[in-house]
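Visitor: This structure is in structure tokens; I'll ask about it shortly.
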Amino acid sequence: MPGCCSCVSAFKPRWKRLVDNIFPDDPQDGLIKNNMEKLTFYALSSPEKLDRIGDYLAKKLSRDVSRHKFGYVFISMEALDQLLLACHSQSLNLFVESFLKMVQKLLESNEPELQVSGTSSFVKFANIEEDTASYHRRYDFFVSKFSSMCHSSNAGTNTKIKIRLAGLRGLQGVVRKTVSDDLQVNIWEQQHMDKIIPSLLFNMHNEPSSTTSSQQDQQNIQIDEHPSTVAETCLRDLTCRAAFGNIKSVVNPVLNHLDNHNLWVPSKFAVRCFKIIMYSIQAQYSYVAVHMLLNHLDDNTKNSPQMKQSIVEVLGECVTIAADGSIGPSVLEVFNTLLRHLRLSVDTRVSERSALKASIKKRISHFDEQQQTMFEEAIINTMGTFAAILPDYQKIEIMMFIMGKIPLPTRYEHSDATYPMPSVNGEGDLLLQNMLLKSLFEVGTKYTTVSMSTTFSISFLEPLLAISVAPDPGVRLLVQRIFHTLIDRHDNYHKLNVNNLSKDISELELRVEKCSRQDILFMKRYGAQIYWHMYENMNQSDNRLDNYEALYCTLALLCIEFGGDEILMELVRLTLALQELACKTDGKLSPIHQCVIHAVVSSYLNLISQLTAIPAFCQHIHQVIEERKQHAAYLLPEFIFSDTIVDSSYPTTVHVEDNLLFQQSVISEALHSTGHDVSRLAVPYVHRPSGLEYRQQTELDATSLNLEVESVNSSPGGVRKHPEEQITFESLKRALQSPDNEEDLEEQEKEKRQEILETFKSSTLDEIAAISEHRSQKMQIRLNEILDKLSRPRSRSSTPPRSPQLSLSSLPSPPLKSVPLYEMKFPELLVF
Amino acid sequence: MEDYKYLFKVVLIGNAGVGKTCLVRRFTQGLFPPGQGATIGVDFMIKTVQIGDDKVKLQIWDTAGQERFRSITQSYYRSADALVVVYDVTSFESFRCLPDWIKEIEQYASNKAITVLVGNKTDLIEDREVSLDNGTNFASTHEMRFLETSAKEADNVDKLFLDIAEELTKRVQVHEVEDSKDEIAICSQNHTVSATYNCCRW
Ligand SMILES: Nc1nc2c(ncn2[C@@H]2O[C@H](COP(=O)(O)OP(=O)(O)O)[C@@H](O)[C@H]2O)c(=O)[nH]1
Ligand SMILES: [Mg+2]
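Chain order of the listed sequences is A and B. Each position in the first sequence, counted from 1, maps to that position plus 1 in the numbering used here. Each position in the second sequence, counted from 1, maps to that position plus 117 in the numbering used here.
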């Protein structure tokens, strides 16, 4: 061909000759460098000829492709690349058209070599910044073809990887070329992203296989990068360029791909994808991705717990990466969604269990409760992760929000056998309580209390206390754990151990700080309520050992955090009352429980005495402990809480001699001698089952006058309560005045007073009487409405009222591992 | 410089294993490939044919039938000028799934695209599970063209693609005539998909 060209060259235009001259006789020799330089120089000096040069080269190449003269094809491509690079400052528009036609030509070929070569030319082009935008240029074909190449299934492993790599680089090129330029084709359109994203992910989850043969293959062809790595880079490129409106275009195809290819379980790959996204997404948009995951969780409500667990795990990872950027404007919405799924999962478990019991379903094998449980744990963990990034005030809000979802217990003084409760409901509530309390705990661990009154607002403390005496020991334990994490401001919790009668507690290195006036006020206000619940807790006949351990810790933390004068007295008073309780012979508590309470009391007084550092106090405590060691080891924690219980030296009855008891008079004297006001100690703590004592003692604050606690203990009807439905004095008042906007209240009150005054001034007695009668009628109607509301069972999901106190034997295995008391070996005691 | 006058995009869909890849290979390369693996994602082939006086280039996108590639394959429907839905006459199951594929087309493809139903593997006379009538009826209810083929025996394969090329060419030419009547340039955006591609090939 070149020979033939030379004979007519005289008639050809100069640029045509220059082009022809770059081709050698034998394509093996490659591009003729000198002549290429001449061509380049010419193109630079006569840029107006560039278009025609491009067009001419393209035609030559096209012909060479169809004639399979690949040597010449490569030479044309090389020439084009060089011209493109050399002339990029010129206006390239038409030349680029020719160039891209040639690239397309190569990509259309079935020859892998040509496809790869075409791609690399395209990539070079993509890296050039053009001065003038080209509105009409479209990349549909390139996106389609490169995506297809990403999925190459070429029989040769080497070739396959080469083509896939080329496809990925090509896509990367298209993205770079188009993404920054609004005038160009909108790469974010679904039709493009639905090709690009799956192509990237497909290569990412096709990691280098570990078989030796393919490793050899890879060594043979010296792949500098693996498709998986290139794909990942490209995904980062794409994500970091996505503006707000484009996040969805990226994330949706990712979610779809994970769905389609069943890549959620195990979560490893999904986590990897979202980590890439979260690390490269512009920080201010990261919440969009988080919300899309939440929506995806909703969309998959009916899917397997494993799949949902993975989504929730991915969420957790995202939150960790995006930190405070991941929540966005609607914090409660996030928690609401997660809590809803928790609830749904619990419901599923319960209904599957009951189906199993009723053996309606014979083929129950597909239901795996453990997987459901793992899903719930994942939700709880992720809620914890979310909570960790919230500011403290929002953590409190969240804790209250969760609290509001917990079904509150109702105590049954006398269980009514004629009122059978479906056990499913009870079981469901119990499970839900458990899971929600765990969530609350998880959030609580992320929160650091500064002031007690901020942490424990009345609307949080009251329901928490109410549930602290729930019928289920596991639930009670969880509540104590929540108290621990919220009360313990000085990291003392892990140093506390009921089984420690050390004479020198300084070795515990407890951090004690004088508590603030605010805290003292808090305890003055709510202390009675707290002590009442501590006592009630100790008094539970189905307590397990871990319940007592936890109760000890709560008491200890109260002492450490509030150990000021007055509160110290109250705690000592409570402790002595507990000792009383342990001595009672009404048979309500088993001898074992009595022993355990004695042990807790000894441990607690040991701690208190040493914290006060009053020698006489310490000495008395020490003396009693020594006495017990001699004669009644079973009253000491060492015996009760030790891992190896020796079943010897049990008494047949628990009758504790005075010398084995801590004496109020001695303690009182010791405290008095060091200037403490011990008058309170002289008034014995009387525990009224209804909790009336603390009612009387609590400064009656009208706004907190809460009917809730009384009704808990006195209404056998079993009204299921939710805190937001509590009827308080305030809400009664508010309900009576129709408008319930608080801000308006004062205003209205003023107006009303004015009005009344006016009425009295200007009306006759009869008129006033008529008005007031009318008003009282209205009031009566309102009142009836309210009472009506109260008496109706307040079950949200039209579930019947919850079951009476669950007996221990009917419970599922306790959620927290511990030796239940009733399983412990106290043979002789039990005979008693 | 172009070596063709019109460019059309043809997308093949249908259950895995019905012979889509074999049909494309038969048409573009004139061979019946021995045991190649299932298509992954989307494959691409090109063939230029002569329709009357004009050269027509067909871009053929051969899709994977498996469910898991559905979202990427769907993204190729949108720009298709013709969709070929293939079933296997020896597999009633592949015929039974046709309504799903029709739904996909309705959802993702342009309503201007032409659709063709193809029953493949007619050479396996013994194993036939779907009668010619079944196919004809289905096609007419859904207003599709219909053809039975054998990629193995090269039966009706060329005809399948040539008919598509001819039909599409005719359509463009009708538009061109209308356009010249209206003295509107071919390139003016609003015409058939194919007309647009003809001037903006990228
Ligand atoms: N007998 C026969 N077998 C065919 C025919 N077309 C395809 N096959 C076989 O059917 C199988 C699947 O073909 P393939 O083209 O990969 O199907 P695709 O998944 O639709 O692309 C392969 O084993 C082919 O050999 C045909 O016309 N006749
Ligand atoms: Mg195939």
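By construction, the Cβ of each residue, glycine as well, lies at the ideal position given by its N, Cα and C atoms.
Is any beta-carbon of chain A found at less than 8 Å from that of G158(B)?
Guide: Cβ-Cβ to chain A under 8 Å: yes for G158(B).
Visitor: Which stretch, first to last residue, makes up the beta strand (DSSP E) that contains Q372(A)?
Guide: Careful: Q372(A) lies outside any beta strand (DSSP E), inside the alpha helix (DSSP H) at 370 to 389.
Visitor: Spatial neighbours of P150(B) within its chain, please: CB distance less than 6 Å, with the 5 preceding and 5 following residues excluded, ordered by chain position.
Guide: R142, listed in sequence order.
Visitor: Write down every uninterrupted run of the alpha helix (DSSP H) in the stretch 142 to 203 of chain B whose length is 4 residues or greater and which is fully enclosed by it, in chain order.
Guide: Counting only runs of 4 or more, we get 187 to 194.
Visitor: Throw me the rounded Cβ distance for the V201(B) and Y123(B) pair, which I believe falls under 8 Å.
Guide: About 18 Å separates the two Cβ atoms, so there is no contact after all.
Visitor: Taking 7 Å as the cut-off, is the C-beta of Q153(B) nearer than that to any heavy atom in ligand 1?
Guide: Yes.
Visitor: Check the Cβ of D120(B) against every Cβ in chain A and list those closer than 8 Å, keeping chain order.
Guide: Ordered by position in chain A, the residues that pass the 8 Å Cβ test against D120(B) are S63, S67.
Visitor: Is G252(B) closer than 8 Å to L277(B) when the C-beta atoms are compared?
Guide: No, the Cβ-Cβ distance between L277(B) and G252(B) is not below 8 Å.
Visitor: At least one CB of chain B closer than 8 Å to the CB of S148(A): is that the case?
Guide: By this cut-off, S148(A) is an interface position.
Visitor: Put I242(B) into one of helix, strand or coil per three-state DSSP.
Guide: DSSP places I242(B) in coil when its eight states are reduced to three.
Visitor: In chain B, what lies closer than 8 Å to P254(A) by C-beta?
Guide: Result: S188.
Visitor: Compile a chain-ordered list of the residues in the stretch 160 to 176 of chain B whose CB is closer than 7 Å to at least one CB of chain A.
Guide: Taking 7 Å as the Cβ-Cβ cut-off against chain A, the residues of the stretch 160 to 176 of chain B that qualify are D160, F161, I163.
Visitor: Please list, in chain order, the chain B residues whose beta carbon lies closer than 8 Å to that of H206(A).
Guide: Within 8 Å Cβ-Cβ: nothing; H206(A) doesn't reach chain B, min ~11 Å.
Visitor: For K196(A) and chain E, any beta-carbon pair shorter than 8 Å?
Guide: Although the question refers to chain E, the structure presented lacks it and instead comprises the protein chains A and B.
Visitor: Is it the case that the Cβ atoms of E370(A) and E398(A) are separated by a distance below 8 Å?
Guide: Against a cut-off of 8 Å, the Cβ pair of E398(A) and E370(A) comes out as no contact.
Visitor: When DSSP labels each residue in this structure, what does T456(A) get in the three-state scheme?
Guide: Residue state, collapsed to three classes: helix.
Visitor: Determine the DSSP secondary structure at L81(A), reduced to helix, strand or coil.
Guide: L81(A) falls in the helix class under three-state DSSP.
Visitor: Considering L569(A), what are the terminal residues of the alpha helix (DSSP H) in which it resides?
Guide: Residues 566 to 584.
Visitor: Could you give the uninterrupted runs of the alpha helix (DSSP H) lying entirely in the stretch 526 to 564 of chain A, keeping only those of 4 residues or more?
Guide: Here the runs fully enclosed are 546 to 563.
Visitor: Taking the alpha-carbon positions, what's the Y494(A) to I531(A) distance?
Guide: When rounded, the distance between both Cα atoms is 19 Å.
Visitor: For E246(B), which residues in the same chain have their Cβ closer than 8 Å to its Cβ, ignoring the five residues on either side in sequence?
Guide: Closer than 8 Å at Cβ, skipping near neighbours: V206, T207, S208, F209, F212.
Visitor: Under the criterion of a Cβ to heavy atom distance below 7 Å, does D179(B) qualify as lining ligand 2?
Guide: True, at least one ligand heavy atom lies under 7 Å from that Cβ.
Visitor: What I want to know is whether the C-beta of T145(B) ends up closer than 7 Å to one or more non-hydrogen atoms of ligand 2.
Guide: Checking the Cβ of T145(B) against ligand 2 gives no.
Visitor: May I ask you to list the residues that DSSP assigns as paired with S267(B)?
Guide: According to DSSP, which records beta bridges pairwise, S267(B) is partnered with D272(B).
Visitor: Between L437(A), L487(A), L62(A), which has its C-alpha nearest K406(A)'s C-alpha?
Guide: K406(A) has its Cα closest to that of L437(A), out of L437(A), L487(A), L62(A).
Visitor: Going by DSSP, which residues form a beta bridge with T486(A)?
Guide: Bridge partners of T486(A): none, in fact.
Visitor: If you run the structure through DSSP and keep just helix, strand and coil, what is Y280(A)?
Guide: Helix.
Visitor: Quick one: is P199(A) near chain B, going by C-beta distance under 8 Å?
Guide: Yes, its Cβ sits closer than 8 Å to a Cβ of chain B.
Visitor: Which residue marks the beginning of the alpha helix (DSSP H) containing N337(A), and which one marks its end?
Guide: Taken as a continuous stretch (DSSP letters only), the alpha helix (DSSP H) holding N337(A) covers 332 to 358.
Visitor: For L234(B), which of helix, strand or coil comes out of DSSP?
Guide: Three-state DSSP puts L234(B) in a strand.
Visitor: Distance cutoff 8 Å, beta carbons only. Does S77(A) sit that close to anything in chain B?
Guide: It does not; no Cβ of chain B falls within 8 Å.
Visitor: Alpha carbon to alpha carbon, what distance is there between F96(A) and E131(A)?
Guide: Those two C-alpha atoms are separated by around 12 Å.
Visitor: According to DSSP, is Y140(A) part of a helix, a strand, or is it coil?
Guide: Of the three classes helix, strand and coil, the one that applies to Y140(A) here is coil, per DSSP.
Visitor: Does F12(A) come out as helix, strand or coil in the three-state DSSP assignment?
Guide: DSSP places F12(A) in helix when its eight states are reduced to three.
Visitor: Please name the residue, chosen from G528(A), S67(A), S122(A), P113(A), that lies closest to L84(A) on a Cα-to-Cα basis.
Guide: The option with the nearest alpha carbon to L84(A) is S122(A).
Visitor: Does the CB of E114(A) have a neighbour CB from chain B at under 8 Å?
Guide: False, the Cβ-Cβ gap to chain B never drops below 8 Å.
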